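J.: Counting with mature numbering (1 follows the signal peptide of the UniProt record, and there is no 0), you get residues -25 to -1, 1 to 101 for the letters of the sequence shown.
Built from N, CA and C at the ideal position, the CB exists for glycine as well.
No experiment lies behind these values; they were computed from the predicted model shown.
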Amino acid sequence: MSLGRLIAQLLVVGTSVVSKAFVQAYQQAVLNAGKHGGAKASAASLSQALSRKIHIDEARKILNVSPSVTKEQLEESYKRLFEVNDVNKGGSFYLQSKIYRARECIDKQMALDAAKLADKAPPSSP
């Protein structure tokens, strides 16, 4: 048997073994993802990443405010951080954008909370 033929057979057998192992590993990964909801979690995280929205907890961390923040406290924190990161003063436009989006997110959440409270409030009697 020639050396070339031996090497060719080794390559064919090696490729076959590796490809079978890869297929089995992929099938096992699909089964595991189905059992543990991995596909749903991946889809949810992809959806959130594509929407580029800030989560309320992240927004509070960015602006360094508590969940019970008032509008005045929110505005004060926003202005301070926005001015500190002013591009003309050597700040970062990226950080300013994050700060703006964080305030926007918290404002929306405050509006939603106020609407929920208004809906739950009992009607006033004349």
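Report yes or no: do three or more beta-carbon pairs, one from the stretch 1 to 11 and one from the stretch 30 to 49, lie closer than 8 Å?
T.: no
J.: Return the CA-CA distance between ARG35 and ALA90, expressed in angstroms with no decimal places.
T.: The alpha-carbon atoms of ARG35 and ALA90 are separated by roughly 20 Å.
J.: Count the other CB atoms within 10 Å of the CB of VAL59; is the residue buried (16 or more) or exposed (fewer)?
T.: It counts as exposed.
J.: Check whether the Cβ atoms of residue 104 and ALA77 lie closer than 7 Å to each other.
T.: With the chain represented from -25 up to 101, any question about residue 104 goes unanswered, as that position is not in the structure.
J.: Going by the beta-carbon positions, is the gap between residue 157 and ILE74 smaller than 7 Å?
T.: Because residue 157 is not part of the residues shown, which for the chain are -25 to 101, the question remains open.
J.: Going by other Cβ atoms of all chains shown within 10 Å of its Cβ, with 16 needed for buried, is ILE(-19) buried or exposed?
T.: exposed
J.: In terms of residue numbering, what span does the alpha helix (DSSP H) encompassing LYS83 cover?
T.: 68 to 95
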